[in-house]
Amino acid sequence: LLRALPTKNTKNIPKGFVAVYIGQNRRKWFVIPVSFLSLPEFRVLMERAAEEYGFKQEGGL
4 LLRALPTKNT KNIPKGFVAV YIGQNRRKWF VIPVSFLSLP EFRVLMERAA
54 EEYGFKQEGG L
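When we follow our numbering, the leftmost residue of the sequence shown carries the number 4, and every step to the right adds one.
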């Protein structure tokens, strides 16, 4: 269901999926279904990450 991508290789992401990265140096990307973004568990993870690392996003994601 999840697959890792080499760094910065996000050009061939299938329709209906998004690439997310882990780590402060963006070294590892994962391709996840867009539907994951609406899951309560995913929201909790995003909130925890924002608390720990901060979140300074301008514009779209």
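Note that CB positions come from ideal geometry on N, CA and C, so glycine has one too.
Fair warning: this is a prediction, and the values are worked out from it, not measured in the lab.
Looking at the DSSP output, residue 20 sits in a beta bridge with 36. Boundaries of the alpha helix (DSSP H) harbouring residue 48: 43-56, taken from the DSSP string.
When the Cα atoms are used, residue 37 and residue 19 turn out to be separated by approximately 6 Å. As DSSP reads the structure, residue 31 sits in a beta bridge with 25.
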